[in-house]
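Worksheet for the structure shown next.
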Amino acid sequence: MDSEIVEVNQKIIVGMKLEMSLLENQTQTLWQRFMPKLNSISNRLDNNLISMSIYSSDYFQSFNPSNRFMKWAGVEVSDEQTLSDGLEIIKIPQGSYVRFLYQGLPSQAGPFFQSIFQEWFPKSGYRLDKRPHFEVMGDKYKNNDPSSEEMIYIPIMK
């Protein structure tokens with residue numbers, strides 16, 4: 001599993017959020033609500049899509065697939081702007097992240113994430129930080145295609 005430690009500058013994200021759990025995964029619903037609003041966001045930095053998750057401080061200590069978290073669908077923007085209906089702003093704070101390339105179907109990502117937390121973290125010398133986790137879906141992202149690629153960012157600290 002290839003990884004890279006990177007410093008991420010603060011990011012301003014415009015998007016929509018929905019509370020969910022892994023058992024009641026509503027990611028598809030969230031993206032279906034967000035995508036029609038994409039063209040109304042005028043100050044996008046690029047064509048990447050951002051999928052972000054915000055977890056409670058004890059989410060991973062007492063992991064249970066029915067635990068709820070906040071999921072965001074969004075894009076990075078250059079500055080805060082007046083928003084159209086239903087869109088919100090959230091900032092990803094600056095900090096250290098471990099970055100992984102994931103290739104495959106979203107429905108098969110579970111074992112990949114499991115290996116990050118059960119294998120990579122114990123050997124890394126890092127621990128999980130309490131900032132948003134996010135994925136960047138760029139030019140090589142193809143929805144529901146086994147050759148699809150996205151970059152996974154997980155917040156870390158020494």
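According to full-length UniProt numbering, the sequence shown is numbered sequentially starting from 1. Beta carbons: idealized from backbone N, C-alpha and C, even for Gly. Since this is a predicted model, take the numbers as computed values, not measurements.
Rounded to the nearest whole angstrom, the CA to CA distance from residue 110 to residue 148 is 15 Å. According to the DSSP secondary-structure assignment, residue 100 is paired through a beta bridge with 3, 152. When DSSP states are grouped into helix, strand and coil, residue 110 belongs to the helix group.
For residue 33, there is no enclosing beta strand (DSSP E); the enclosing alpha helix (DSSP H) has its first and last residue at 27-34.
By the CB criterion at 8 Å, residue 156 and residue 129 fall inside the cutoff. In the structure shown, residue 92 falls within a strand segment according to DSSP collapsed to helix, strand and coil. Leaving aside the five residues that flank residue 2 on each side, the residues in its chain whose CB is nearer than 8 Å to its CB run, in chain order, 100, 101.
Looking at 64, 84, 66, 41, the one whose alpha-carbon comes closest to that of residue 77 is 41. Distance from the CA of residue 57 to the CA of residue 18, rounded to the nearest whole angstrom, comes to 18 Å. Of the candidates 8, 14, 59, the residue whose Cα lies closest to the Cα of residue 86 is 14.
Between residue 104 and residue 158 the beta-carbon gap is near 30 Å, outside 8 Å, which marks them as no contact. Excluding the 5 residues flanking it on each side, residue 142 has same chain C-beta neighbours closer than 8 Å at 148, in chain order. Under the three-state reduction of DSSP output, residue 17 falls in the strand class. One thing to note: residue 118 has its Cβ no nearer than 8 Å to the Cβ of residue 9.
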